[in-house]
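Q:
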Amino acid sequence: MKKFTVKLPYKLKSKISKKARRIAAYGGIPWRQDPRGYFLIKVNRKDKQIEVGFCEAGNVVKLVIVGKKPDEIYHAVFREGLVTKFDHAAYLGKELEKAYIALKTGAKYVQDSDLELRL
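Residue 175, in my numbering, is where the sequence shown stops; the numbers in between run on with no holes.
1) Quick check on DSSP: helix, strand or coil for Y94?
2) Inspect the beta-carbon positions of G123 and C111 and report whether they are closer than 7 Å.
3) In the DSSP output, what is F14 paired with across the bridge?
4) Do you know how far the Cα of K164 is from the Cα of G109?
5) So what's K71 in DSSP terms, helix, strand or just coil?
6) From the DSSP output, read off the bridge partner residues of Q105.
7) Can you tell me where the alpha helix (DSSP H) with K154 in it begins and where it stops?
Have a look at this one:
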């Protein structure tokens, strides 16, 4: 196996061990709702921001988080303790990034759907 060097944007260089295990990324894991609740995400073009509603049991929005960038929102989510599962946190990050790209490019954002960019 060849030795690879990973180029980083700073001076530290990392090398991939010859013994590094490689795994294939495929499929998903069975969906199970986060016991804490779920999120409804939308783009507010008028105010140029992302709005995230947090819902608990009963499908009622209990909290609304607004921000212009994904990191502002997910930091608020973590501060409030709104996720308990890693896959839910990863999903939220993916959806927030899609919403941000849609906000910046004018693309239509639909939660849980692929983002359609006109290139």
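Glycine residues also receive a C-beta, built at the ideal position from the N, C-alpha and C atoms.
A: Taking the definition as stated:
1) DSSP places Y94 in the strand class (E or B) of the three-state scheme.
2) In this structure, C111 does not lie closer than 7 Å to G123 by Cβ.
3) Residue 14 cannot be examined here, being either before or after the span of the chain that is shown, 57 to 175.
4) If you draw a straight line from the Cα of G109 to the Cα of K164, it is about 19 Å long.
5) If DSSP states are grouped into helix, strand and coil, K71 belongs with the strands.
6) In the DSSP output, where bridge partners are listed per residue, Q105 has N100.
7) Residues F142 to T161.
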